[in-house]
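Asker: Chains A and B are the protein sequences, given in the same order. Following this note's numbering, the residues of the first sequence are numbered contiguously, the last one being 247. Following this note's numbering, the residues of the second sequence are numbered contiguously, the last one being 1247. First the structure, which I've put down as structure tokens, then a few questions once you've had a look.
Protein chains: 2
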Amino acid sequence: MKTENFEYKSPELTFRGYLAYDETKPGKRPGILVTDEAWGLSEHAKSRAERLAQLGYVALGVDMFGNGKQATSIEEGLQWIKALGEDPKTLRSRIRAAFDALSALPQVDRARIAAIGYCFGGTSVLELARSGAPLAGVVSFHGALQTRIPAEHNQMKAKVLVCTGADDPFIPLNQVHAFIDELKKAGVDYQVNIYSNTKHGFTNPKAHERGMEQVAYNKSSDERSWTAMQSFFHEIFGTTIPAATSL
Amino acid sequence: MKTENFEYKSPELTFRGYLAYDETKPGKRPGILVTDEAWGLSEHAKSRAERLAQLGYVALGVDMFGNGKQATSIEEGLQWIKALGEDPKTLRSRIRAAFDALSALPQVDRARIAAIGYCFGGTSVLELARSGAPLAGVVSFHGALQTRIPAEHNQMKAKVLVCTGADDPFIPLNQVHAFIDELKKAGVDYQVNIYSNTKHGFTNPKAHERGMEQVAYNKSSDERSWTAMQSFFHEIFGTTIPAATSL
């Protein structure tokens, strides 16, 4: 597996992403954007990019704040994502830059690109989908589902998988309902998976380190949602889950 | 694969189930109850039992009405399930008889039994779980989620997977919410998967034949939910999804 820091640009900023792929595999294969939480591109998303590379995909860890910035406090990260939440056009243009950079890579099949995201990263990949980017699919892991620019009818090309905790105080079930209503009106193909006894940030083994009570790792929900994502990828990319899923 | 009509009893009734398994495989393996819709044990559940047998499980198609009765009209089937809905103790005793019969089979690992159900069958397997039966898990495909005897705290041993259509008029999202509340209070491990553009009966290719507008087959949701069930079985039975789920 090859991993490297990977620079890409938008008119607004220069970004420092993280690319991971199996350099020994020939030919084009699907590409996956991996978008991290509120604190900047970190070990969490980088390790997921590496796991995707091991599964055979080309994965790009996304930088949403420019120049590889890392939040130095909870307050700073929350301020960054609040600002982007209030400016969805800028948010969309930043993640679109990552999408364009990934699509242009010679080892990537540009017709088979997906985006996954964690927390604010989940919100970001949903915004990318809403913008009508030519994605095959997006997966949000405990991402907030609201938007200032709802999906327009028949504009969202990506299929959507949302994995969310039943006990996530940042994403209560009425927010999930409203999201379902939005996507229904827009004619989007979506699935929502709700996990019991699961709070926010459930995919990050280090979730507790910031001392936020709304946030807790849940190994079972992490594994279930990762499995669900793999099944989703096989479906949207037209690859086959081998018959060996039998006993 | 071997299939046979399979008789079992409760104090109340004699039942005509349908057993399917690979008779060439040695040793004990997990057993799965398959419970059909309101009309009696039919081709739909039998074909699912056969598919489970091909995956390596021992599958028993369940008879919920006794003597292999088949509804001769929509009204008759709805009357049967209404009566059982109002008498959950009888409902539970009937499906418990199927569970006991399956558990007793020499080729079944009684520590690894699950139950799946379609529509009224989904409701029935959830009732079996609520009764505290020693199941590893249950999967409800478009089953109604309400009950007259809510799960008691820490009594439900089975893990739960609910697959439901976002546009199912019989199972609106507020019913899903109430179900989540019930299971949360009872400390149950559950997942709920919601599928877009999906009505009731979405797993049955012949769903349209009864001319009910609330009911429609959805191939995508059928396949997604079947895949989700397989992942769930690997988790609850401790079998492994091979690494070959990579590209």
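Using N, Cα and C, we set each Cβ at its ideal position, and we do this for glycine too.
1. Just verifying my parser: in three-state terms, what is the DSSP assignment at G1121 of chain B?
2. Can you confirm whether S103 of chain A, when its beta carbon is compared against all beta carbons of chain B, has any partner nearer than 7 Å?
3. Counting C-beta neighbours from all protein chains within 10 Å, is the total for P1205 of chain B 16 or more, i.e. buried, or is it exposed?
4. Per DSSP, F1006 of chain B is paired with what?
5. Is there at least one Cβ from chain A nearer than 7 Å to T1245 of chain B's Cβ?
6. How long is the line joining the alpha carbons of E43 of chain A and Q70 of chain A, rounded to whole angstroms?
7. Report back the beta-carbon spacing between R1096 of chain B and L1128 of chain B to the nearest angstrom; my notes put them in contact at under 8 Å.
8. Within 8 Å, do at least three Cβ pairs link the segment 1132-1150 of chain B to the segment 1059-1076 of chain B?
9. Taking V1192 of chain B as the query, report the chain A residues whose CB atoms sit under 9 Å from its CB, ordered along the chain.
10. Please identify, using Cβ separations under 9 Å, the residues of the segment 21-34 of chain A that lie next to chain B, in order along the chain.
11. Taking Cβ positions, are A1020 of chain B and T1035 of chain B nearer each other than 7 Å?
12. Got a sec: is the Cβ-Cβ distance from L173 of chain A to anything in chain B below 7 Å?
13. What did DSSP end up calling R148 of chain A once you bin it into helix, strand or coil?
14. Identify which residue in A:G61, A:E23, A:G40 has its Cα closest to the Cα of A253 of chain A.
15. To the nearest angstrom, how far is the alpha carbon of K1159 of chain B from that of F202 of chain A?
16. Smallest Cα separation from E23 of chain A: which of A:S103, A:A111, A:V58?
17. Are the beta-carbon atoms belonging to C163 of chain A and F179 of chain A less than 7 Å from one another?
18. If contacts are defined as beta-carbon pairs under 8 Å, then L1161 of chain B and M1229 of chain B qualify, I think. What distance do you get, rounded to the angstrom?
19. Specify the secondary structure class of G165 of chain A as computed by DSSP and reduced to three states.
20. Quick check on DSSP: helix, strand or coil for A244 of chain A?
21. Alpha carbon to alpha carbon, what distance is there between N1174 of chain B and Y1118 of chain B?
22. Consider the Cβ of H1208 of chain B: report whether some Cβ of chain A lies at a distance smaller than 7 Å.
23. Is the beta carbon of W39 of chain A closer than 7 Å to that of G77 of chain A?
24. Can you name the residues of chain B whose CB is closer than 9 Å to the CB of K184 of chain A?
25. Using a Cβ-Cβ cutoff of less than 6 Å, which residues in the same chain neighbour Q155 of chain A once the five nearest sequence positions on both sides are dropped?
26. Could you tell me which uninterrupted beta strand (DSSP E) segments, each at least 3 residues in length, are contained entirely in the segment 44-109 of chain A, listed from first to last along the chain?
27. In three-state terms, what does DSSP make of H142 of chain A?
28. Looking at the C-beta of S1231 of chain B, does it have a partner C-beta in chain A at a distance below 7 Å?
29. Taking Cβ positions, are S1196 of chain B and D189 of chain A nearer each other than 7 Å?
30. Compare the C-beta of I116 of chain A with all C-beta atoms of chain B and state if any pair is closer than 7 Å.
31. By Cβ distance, which residues of its chain are closer than 6 Å to K1157 of chain B, with the 5 residues on each side in sequence left out?
32. Cα-Cα, which of A:L41, A:L33, A:K46 is closest to L126 of chain A?
33. Note down the Cα distance separating L1105 of chain B from S1231 of chain B, rounded to an integer number of angstroms.
Answerer: Put simply:
1. Numbered from 1 along the second sequence, position 121 holds the residue referred to as residue 1121 of chain B. Looking at G1121 of chain B - three-state DSSP - the assignment turns out to be helix.
2. If you number the first sequence from 1, residue 103 of chain A lands on position 103. No, S103 of chain A lies away from the interface with chain B (no Cβ there is under 7 Å from its Cβ).
3. If you number the second sequence from 1, residue 1205 of chain B lands on position 205. Exposed, since its Cβ has fewer than 16 Cβ neighbours within 10 Å.
4. Working through the second sequence from its first residue, we reach residue 1006 of chain B at position 6. F1006 of chain B is bridged to B:G1017.
5. Within the second sequence, residue 1245 of chain B is the residue found at index 245, counting from 1. Model confidence at T1245 of chain B stands at a pLDDT of 45, short of 50, so the residue's coordinates are unreliable and nothing is read from them.
6. Locating residue 43 of chain A in the first sequence gives position 43, where the first residue counts as 1. Locating residue 70 of chain A in the first sequence gives position 70, where the first residue counts as 1. Answer to the nearest angstrom: the Cα atoms are 11 Å apart.
7. Here residue 1096 of chain B refers to the residue found at position 96 of the second sequence. Here residue 1128 of chain B refers to the residue found at position 128 of the second sequence. Contact flag correct, Cβ pair sits at about 6 Å.
8. no
9. In the second sequence, counting from the first residue as 1, residue 1192 of chain B sits at position 192. Within chain A, the residues near V1192 of chain B are A166, V192, N193, I194, Y195, S196.
10. K25, R29, P30
11. The sequence position of residue 1020 of chain B within the second sequence is 20, counting from 1. The sequence position of residue 1035 of chain B within the second sequence is 35, counting from 1. No. Outside cutoff.
12. On the first sequence, residue 173 of chain A is found 173 positions in, with the first residue counted as 1. Judged by the 7 Å Cβ criterion, L173 of chain A is in contact with chain B.
13. Sequence index remark: in the first sequence, residue 148 of chain A carries index 148 (1-based). Here R148 of chain A sits in coil by DSSP.
14. The requested residue 253 of chain A does not occur in the structure, where chain A is confined to residues 1 to 247.
15. On the second sequence, residue 1159 of chain B is found 159 positions in, with the first residue counted as 1. On the first sequence, residue 202 of chain A is found 202 positions in, with the first residue counted as 1. The straight-line gap from Cα to Cα measures roughly 19 Å.
16. On the first sequence, position 23 is the one that residue 23 of chain A refers to. When each option's Cα is compared against that of E23 of chain A, the closest is A:V58.
17. Your numbering for residue 163 of chain A matches position 163 in the first sequence. Your numbering for residue 179 of chain A matches position 179 in the first sequence. Cβ distance not < 7 Å, so C163 of chain A and F179 of chain A don't count as in contact.
18. By one-based count along the second sequence, residue 1161 of chain B stands at place 161. By one-based count along the second sequence, residue 1229 of chain B stands at place 229. Indeed they touch by this definition, with Cβ atoms about 7 Å apart.
19. Residue 165 of chain A sits at position 165 when you count from the first residue of the first sequence. G165 of chain A falls in the strand class under three-state DSSP.
20. For the purposes of this step, residue 244 of chain A is taken as residue 244 along the first sequence, with counting starting at 1. Because the pLDDT of A244 of chain A is 41, which lies under 50, any placement of that residue in the model is unreliable, and the question is left without a value.
21. Residue 1118 of chain B sits at position 118 when you count from the first residue of the second sequence. Residue 1174 of chain B sits at position 174 when you count from the first residue of the second sequence. Cα-Cα distance, rounded: 20 Å.
22. Residue numbering aside, residue 1208 of chain B sits at position 208 when the second sequence is read from its first letter. Chain A contact via Cβ: absent.
23. One-based indexing of the first sequence puts residue 77 of chain A at position 77. One-based indexing of the first sequence puts residue 39 of chain A at position 39. Result yes, Cβ atoms of G77 of chain A and W39 of chain A sit closer than 7 Å.
24. Start at 1 with the first residue of the first sequence, and residue 184 of chain A comes out as number 184. Per Cβ cutoff of 9 Å: A1166, D1167, S1196, N1197.
25. The sequence position of residue 155 of chain A within the first sequence is 155, counting from 1. These residues qualify, in order along the chain: G132.
26. 58-62
27. Counted from its first residue, the first sequence places residue 142 of chain A at position 142. Coil, per DSSP.
28. In the second sequence, counting from the first residue as 1, residue 1231 of chain B sits at position 231. Chain A contact via Cβ: present.
29. Taking the second sequence and counting its residues from 1, one reaches residue 1196 of chain B at position 196. Taking the first sequence and counting its residues from 1, one reaches residue 189 of chain A at position 189. Yes.
30. Within the first sequence, residue 116 of chain A is the residue found at index 116, counting from 1. By this cut-off, I116 of chain A is not an interface position.
31. Looking up residue 1157 of chain B in the second sequence gives position 157. Excluding positions up to five away in sequence, the list reads P1134.
32. As a first step, residue 126 of chain A must be located in the first sequence, where it is residue number 126. That would be A:L33, whose Cα lies nearest to the Cα of L126 of chain A.
33. One-based indexing of the second sequence puts residue 1105 of chain B at position 105. One-based indexing of the second sequence puts residue 1231 of chain B at position 231. Cα to Cα, L1105 of chain B sits roughly 25 Å from S1231 of chain B.
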